[in-house]
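First to last, the protein sequences are chains A and B.
Throughout, my numbering is defined as the position within the first sequence, counted from one, plus 944.
Throughout, my numbering is defined as the position within the second sequence, counted from one, plus 172.
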Amino acid sequence: SQQGEEDPQALSIQEGENATMNCSYKTSINNLQWYRQNSGRGLVHLILIRSNEREKHSGRLRVTLDTSKKSSSLLITASRAADTASYFCATDADSNYQLIWGAGTKLIIKP
Amino acid sequence: AAGVIQSPRHLIKEKRETATLKCYPIPRHDTVYWYQQGPGQDPQFLISFYEKMQSDKGSIPDRFSAQQFSDYHSELNMSSLELGDSALYFCASSLGRSSPLHFGNGTRLTVT
Chain A
945 SQQGEEDPQA LSIQEGENAT MNCSYKTSIN NLQWYRQNSG RGLVHLILIR SNEREKHSGR
1005 LRVTLDTSKK SSSLLITASR AADTASYFCA TDADSNYQLI WGAGTKLIIK P
Chain B
173 AAGVIQSPRH LIKEKRETAT LKCYPIPRHD TVYWYQQGPG QDPQFLISFY EKMQSDKGSI
233 PDRFSAQQFS DYHSELNMSS LELGDSALYF CASSLGRSSP LHFGNGTRLT VT
């Protein structure tokens, strides 16, 4: 069963605006990962944040992690049309090799 | 850089037929995962292998089986196909657990 929940389910913004997606999870984790998926394609790893980290940056991406609230957010700044995709969070718990996936946020960037 | 290679890219089968999907992980990656993704759904974990041994099992039907060979490539065998098996099947590999997954572009299976 999947433990991650993401919101919003869908997000439509104008090009140049910032996009924020949230992820909540239920159990303690080793790390939390964000992936992007273009329609019909494989998922692409974006960023990994460890349980002892609170914030991480990669280019236009900023990820925060609040382990006390069991939540994470992904911020994409200065969005571009090419950012249109589905974004998934996935948590790595301690017990097995199975990542637990959120339901994903579908992001649409309007030109 | 080498990526995860999956074949075939598309596959059309009839009900009750069998299908075999192949995955070639990134060289030196020690863990292979198989996922199933229905339209608009998140990836559903099926099974994983670590150093050619099954390491974890998810929601893989009994009609499906998988193995990883000595050259580290993996195959997902699907028998008695049902209409509901129509989906994208992804293979991913990683170097060690708790490491990012690298996904192939998937095999789109259509069962008619």
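The beta-carbon is built from N, C-alpha and C at its ideal position, and this holds for glycine as well.
From a predicted model like this one, the values you see are computed outputs, not experimental measurements.
- State yes or no: is the beta carbon of residue 1006 (chain A) nearer than 8 Å to at least one beta carbon in chain B? Position 62 of the first sequence, counted from the first residue, corresponds to residue 1006 (chain A). Residue 1006 (chain A) does not count as touching chain B.
- Query: What is the C-beta distance between residue 1025 (chain A) and residue 1055 (chain A), in whole angstroms, given that I count them as a contact (C-beta under 8 Å)?
  - Reply: Position 81 of the first sequence, counted from the first residue, corresponds to residue 1025 (chain A). Position 111 of the first sequence, counted from the first residue, corresponds to residue 1055 (chain A). Rounded, the Cβ-Cβ distance is 5 Å, consistent with contact.
- Query: Could one say the Cβ of residue 975 (chain A) lies closer than 8 Å to chain B's Cβ atoms, at least one of them?
  - Reply: In the first sequence, the residue the question calls residue 975 (chain A) occupies position 31. Closer than 8 Å to some Cβ of chain B, the Cβ of residue 975 (chain A) qualifies, so yes.
- Message: Once DSSP output is grouped into helix, strand and coil, what is the label at residue 963 (chain A)?
- Response: To locate residue 963 (chain A), count along the first sequence from 1; it is residue 19. Of the three classes helix, strand and coil, the one that applies to residue 963 (chain A) here is strand, per DSSP.
- Query: Can you tell which of B:182, B:241 and B:216 has its C-alpha closest to the C-alpha of residue 1045 (chain A)?
  - Reply: Here residue 1045 (chain A) refers to the residue found at position 101 of the first sequence. Measuring from the Cα of residue 1045 (chain A), the nearest candidate turns out to be B:216.
- Beta-carbon spacing of residue 246 (chain B), residue 190 (chain B) below 8 Å: The residue given as residue 246 (chain B) occupies position 74 in the second sequence. The residue given as residue 190 (chain B) occupies position 18 in the second sequence. Cβ atoms of residue 246 (chain B) and residue 190 (chain B): not closer than 8 Å.
- Message: Please confirm whether residue 985 (chain A) has its beta-carbon closer than 8 Å to some beta-carbon of chain B.
- Response: Position 41 of the first sequence, counted from the start, is the residue given in the question as residue 985 (chain A). By this cut-off, residue 985 (chain A) is an interface position.
- Message: For residue 179 (chain B) and residue 279 (chain B), what's the separation of their Cα atoms in angstroms?
- Response: For the purposes of this step, residue 179 (chain B) is taken as the residue at position 7 of the second sequence. For the purposes of this step, residue 279 (chain B) is taken as the residue at position 107 of the second sequence. Rounded to the nearest angstrom, the two C-alpha atoms are 6 Å apart.
- CB residue 264 (chain B) to CB residue 209 (chain B), shorter than 8 Å? Reading the second sequence from its first residue, position 92 is the one you call residue 264 (chain B). Reading the second sequence from its first residue, position 37 is the one you call residue 209 (chain B). Not in contact: residue 264 (chain B) and residue 209 (chain B) (Cβ atoms no closer than 8 Å).
- Message: Between which two residues does the beta strand (DSSP E) holding residue 179 (chain B) run?
- Response: Here residue 179 (chain B) is taken as the residue at index 7 of the second sequence, counted from 1. Segment 177 to 179, the beta strand (DSSP E) holding residue 179 (chain B).
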